[in-house]
Amino acid sequence: MTTLTIRAATAADLPDFFPYLADQLAENGVGGMPLFQPMPRGQRSVPPGRIEAFTNGLATPLTAPGWRRLWLAFDGAAIRGHIDLRARPEAESVHRALLGMGVHRAARRSGLGMALLDTAIDWAVAHGPLDWIDLEVLSVNEPARALYRKRGFVQTGEIADLLRIDGERHGYAYMALALRPQASGSESD
243 MTTLTIRAAT
253 AADLPDFFPY
263 LADQLAENGV
273 GGMPLFQPMP
283 RGQRSVPPGR
293 IEAFTNGLAT
303 PLTAPGWRRL
313 WLAFDGAAIR
323 GHIDLRARPE
333 AESVHRALLG
343 MGVHRAARRS
353 GLGMALLDTA
363 IDWAVAHGPL
373 DWIDLEVLSV
383 NEPARALYRK
393 RGFVQTGEIA
403 DLLRIDGERH
413 GYAYMALALR
423 PQASGSESD
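Adding 242 to a residue's 1-based position in the sequence shown gives its number in the numbering used here.
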């Protein structure tokens, strides 16, 4: 693997991003991988609405409903990882963003996950309206939870048996990272 480069994605990157994402989703809960998306193991395509959410979100101003920012990690021309921040659905939560990320199998355990987190967090710190980054992760995905904890995310809750996927019961863990010292004391607000 050559040196990985991480950069903000543009609309021109999306035609290559969606096949990468579909390839990654094909590993969801398969071949020893933990279930990392709340969808059936047999679903091999990008879920309905996700393409539009990325496409429209990249063109939406920060703090407007539906905004999204995406960063991609490249090994040459190949996408090896991604991370995105997006608007929470609640209109009163413009000071918070939701995080999503993934690392291609060829780049796992290389430090790329932490580098992607650092990229998104650095961007969020530089953009004043954001005080928090939130994420939701399947409880069985301990590798992801450990990475988030290592970067400073704190579990704020967990709902057991929230999802039924492929006939199995799955919980969802909720985690958050305060971007500014004054935010950390107000999580219960």
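The beta carbon of each residue, even a glycine, is placed where N, CA and C say it ideally should be.
The alpha carbon of A357 has as its nearest neighbour, out of L419, P303, G323 and G274, the alpha carbon of G323. In the displayed model, D403 falls within a strand according to three-state DSSP.
In the DSSP annotation of this structure, V367 is not part of any beta strand (DSSP E); the continuous alpha helix (DSSP H) holding it starts and ends at L354 to A368.
8 angstroms or more divides the Cβ of R338 from the Cβ of D326. Secondary structure note for L267: it is in no beta strand (DSSP E), and the uninterrupted alpha helix (DSSP H) holding it is L256 to L267.
A306 places its beta carbon 8 angstroms or farther from that of L246.
Across the structure, F278 and P423 are spaced so that their CA atoms are roughly 30 angstroms apart. DSSP places L312 in the uninterrupted beta strand (DSSP E) bounded by R310 to D317. As DSSP reads the structure, Q397 sits in a beta bridge with M417. A415 sits buried, since 16 or more C-beta atoms from the chains shown fall within 10 Å of its C-beta. Secondary structure note for E384: its alpha helix (DSSP H) is the uninterrupted segment E384 to K392. In the DSSP assignment, T297 falls within the unbroken alpha helix (DSSP H) covering R292 to L300. In the DSSP annotation of this structure, V336 is not part of any beta strand (DSSP E), being labelled neither H nor E.
Taking I363 as the centre and dropping the five residues before and after it, the same chain places the C-beta of I375, R393, L419 and L421 closer than 8 angstroms to its C-beta, in chain order. For R350, no beta strand (DSSP E) run applies, since DSSP gives it neither H nor E. In this structure, the straight-line span from the alpha carbon of W309 to that of E294 is close to 12 angstroms.
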